[in-house]
Amino acid sequence: MCSLPTSEDKRYLNRKEPNSDAGIYQIDENTALVQSVDFFTPVVDDPYLFGEIAAANALSDVYAVGGTPLTALNLVCFPCNKLDSEILKRILQGGYSKVGEAGAVVVGGHSIEDEEPKFGLAITGIVNPRQIISSSGAKAGDLLVLTKPLGTGVITTALKGGVIDVSEVPEAVKGMTDLNDKASRAMKEAGVLACTDITGFGLMGHAKEMAEASNVCLKIKLDSLPLYPMARELAEQGFVPGGTYRNQEYFLNSTQFMVIKDERSTEINLIADPQTSGGLLMAVPPSGLSKLFNLLDKAGVRGQLIGKAEELTDKFIVIE
Ligand code: CO
Numbered sequence: 653m654c655s656l657p658t659s660e661d662k663r664y665l666n667r668k669e670p671n672s673d674a675g676i677y678q679i680d681e682n683t684a685l686v687q688s689v690d691f692f693t694p695v696v697d698d699p700y701l702f703g704e705i706a707a708a709n710a711l712s713d714v715y716a717v718g719g720t721p722l723t724a725l726n727l728v729c730f731p732c733n734k735l736d737s738e739i740l741k742r743i744l745q746g747g748y749s750k751v752g753e754a755g756a757v758v759v760g761g762h763s764i765e766d767e768e769p770k771f772g773l774a775i776t777g778i779v780n781p782r783q784i785i786s787s788s789g790a791k792a793g794d795l796l797v798l799t800k801p802l803g804t805g806v807i808t809t810a811l812k813g814g815v816i817d818v819s820e821v822p823e824a825v826k827g828m829t830d831l832n833d834k835a836s837r838a839m840k841e842a843g844v845l846a847c848t849d850i851t852g853f854g855l856m857g858h859a860k861e862m863a864e865a866s867n868v869c870l871k872i873k874l875d876s877l878p879l880y881p882m883a884r885e886l887a888e889q890g891f892v893p894g895g896t897y898r899n900q901e902y903f904l905n906s907t908q909f910m911v912i913k914d915e916r917s918t919e920i921n922l923i924a925d926p927q928t929s930g931g932l933l934m935a936v937p938p939s940g941l942s943k944l945f946n947l948l949d950k951a952g953v954r955g956q957l958i959g960k961a962e963e964l965t966d967k968f969i970v971i972e
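Numbering (our numbering), first residue to last: 653 to 972.
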């Protein structure tokens with residue numbers, strides 16, 4: 653996209669934030685469209701579960717900007733000559749159920765023949781233009797809250813390798829299918845002004861993008877980072893997805909480590925671990941923290957305080 657000129661159309665509200673989670677386009681004084689799309693290859697063997705995870709993941713960008721999803725379009729790549737069409741039906745049913753849980757409607761889609769199955773959705777939602785939450789809103793002094801543990805990259809890598817079964821990682825499976833809707837509603841009510849969701853770039857990449865967009869440094873406490881059960885063991889055993897190394901290539905030079913000495917340590921791999929349907933990373937003013945945690949608790953969302961935003965000095969991210 654960086655080779656393309658950015659539209660100057662003023663209705664494209666976040667045109668100056670190329671890394672934002674969703675495109676936002678003003679319709680009238682009180683309404684803006686929120687649009688996002690994501691699709692990927694299967695992360696689990698069970699087609700229905702894959703459909704649910706892909707939908708929760710695609711919906712997440714709309715929740716990250718404080719929007720409400722309305723409609724969804726399926727994107728399907730499928731090898732019709734190699735795989736049973738029942739598998740595709742199950743994938744679509746899983747996606748359909750998640751979109752329904754989000755209160756949105758599947759209104760169509762498009763499919764093509766492809767060697768490897770892929771599934772995802774294009775989501776359209778709405779947001780009040782005065783209540784958009786962006787990754788550029790973090791201020792020095794804000795506290796950082798993460799709403800899901802990390803480690804789905806290593807876990808899905810081990811699942812794909814057949815080393816573990818989904819029954820051994822129920823927390824991660826539930827986490828990936830959980831919508832970020834409740835977390836999003838809680839942050840809106842608590843007055844959070846900066847948020848992004850943690851997906852393919854990992855905590856390291858998405859935190860860097862928030863820090864850069866907000867012109868602050870995000871100081872993250874290593875010991876406070878929540879991990880799914882088995883994530884650390886699997887990372888230690890080497891189930892590190894290729895995306896982890898790409899993330900490190902892009903983002904390591906923006907990151908300062910106060911406590912990790914070995915550049916190839918498990919910790920760094922987990923901080924850079926690409927997430928599927930990860931949680932929301934919010935920056936909340938200290939005065940709003942207890943309200944946010946009360947609302948998250950009430951909604952059954954386990955928020956974790958992982959650090960704070962400070963004035964930018966040298967690096968966008970400091971791991972301490
Ligand atoms: Co996102």
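No residue lacks a Cβ here, since even glycine has one placed at the ideal position from N, Cα and C. What you are looking at is a predicted structure, and each value in this text was computed from that prediction instead of being measured.
CA-to-CA distance, residue j to residue i, given in whole angstroms
i: L845; j: E765; result: 42 Å
i: F853; j: E820; result: 25 Å
i: R663; j: V779; result: 13 Å
i: V728; j: A961; result: 40 Å
i: G890; j: R884; result: 10 Å
i: L685; j: P878; result: 33 Å
i: L761; j: N726; result: The amino acid occupying residue 761 in the given sequence is Gly; Leu does not appear at that position. When rounded, the distance between both Cα atoms is 4 Å.
i: N921; j: I679; result: 42 Å
i: A716; j: S866; result: 16 Å
i: V714; j: T723; result: 11 Å
i: Y902; j: G718; result: 27 Å
i: S749; j: M882; result: 28 Å
i: G931; j: H858; result: 11 Å
i: K860; j: L735; result: 40 Å
i: T829; j: G955; result: 17 Å
i: L964; j: F771; result: 39 Å
i: T809; j: N682; result: 43 Å
i: G940; j: D833; result: 19 Å
i: D630; j: F730; result: No answer is possible for residue 630: it lies beyond the span of the chain, which begins at 653 and ends at 972.
i: C847; j: A790; result: 8 Å
i: K741; j: V751; result: 15 Å
i: S876; j: L701; result: 29 Å
i: Y880; j: K826; result: 11 Å
i: E919; j: I807; result: 15 Å
DSSP beta-bridge partners of residue i
i: T683; result: D680
i: F692; result: F771
i: N726; result: G761 and L773
i: V818; result: In the DSSP output, where bridge partners are listed per residue, V818 has none listed.
i: F909; result: I971
i: E654; result: It should be noted that the sequence gives Cys, not Glu, for residue 654. Note: C654 sits in no beta bridge, so no partner.
i: I872; result: G959 and I971
i: P721; result: G777
i: M934; result: V797 and C847
i: G675; result: Q687
i: S712; result: Looking at the DSSP assignment, S712 forms no beta bridge with any residue, so it has no partner.
i: L802; result: L879
Interface flag, residue i vs chain D, CB-CB below 7 Å
i: F691; result: In the structure shown, chain D does not exist; there is a single protein chain.
The ligand CO heavy atom lying under 6 Å from the CB of residue i
i: T851; result: yes
i: D713; result: yes
i: D690; result: no
i: D673; result: yes
Beta-carbon proximity of residue i to residue j, cut-off 7 Å
i: A842; j: L944; result: yes
i: D925; j: T896; result: yes
i: A706; j: G675; result: no
i: I775; j: S688; result: yes
i: R667; j: S655; result: no
i: L947; j: A838; result: yes
i: L798; j: I958; result: yes
i: L874; j: A863; result: no
i: D690; j: N709; result: yes
i: I969; j: S917; result: no
i: G777; j: P721; result: yes
i: I743; j: G703; result: yes
i: T693; j: E753; result: no
i: A951; j: L796; result: no
i: M910; j: E972; result: yes
i: V695; j: T928; result: yes
i: K967; j: Q908; result: yes
> Should the region 780-787 be regarded as contacting the region 796-804, the criterion being three or more beta carbon pairs within less than 8 Å?
Replying inline: Because the criterion of three Cβ pairs below 8 Å is not met, the region 780-787 and the region 796-804 do not touch.
> Would you say the region 807-822 touches the region 753-770, given that touching needs at least three Cβ pairs under 8 Å?
Replying inline: At 8 Å Cβ cutoff, the stretches do not touch.
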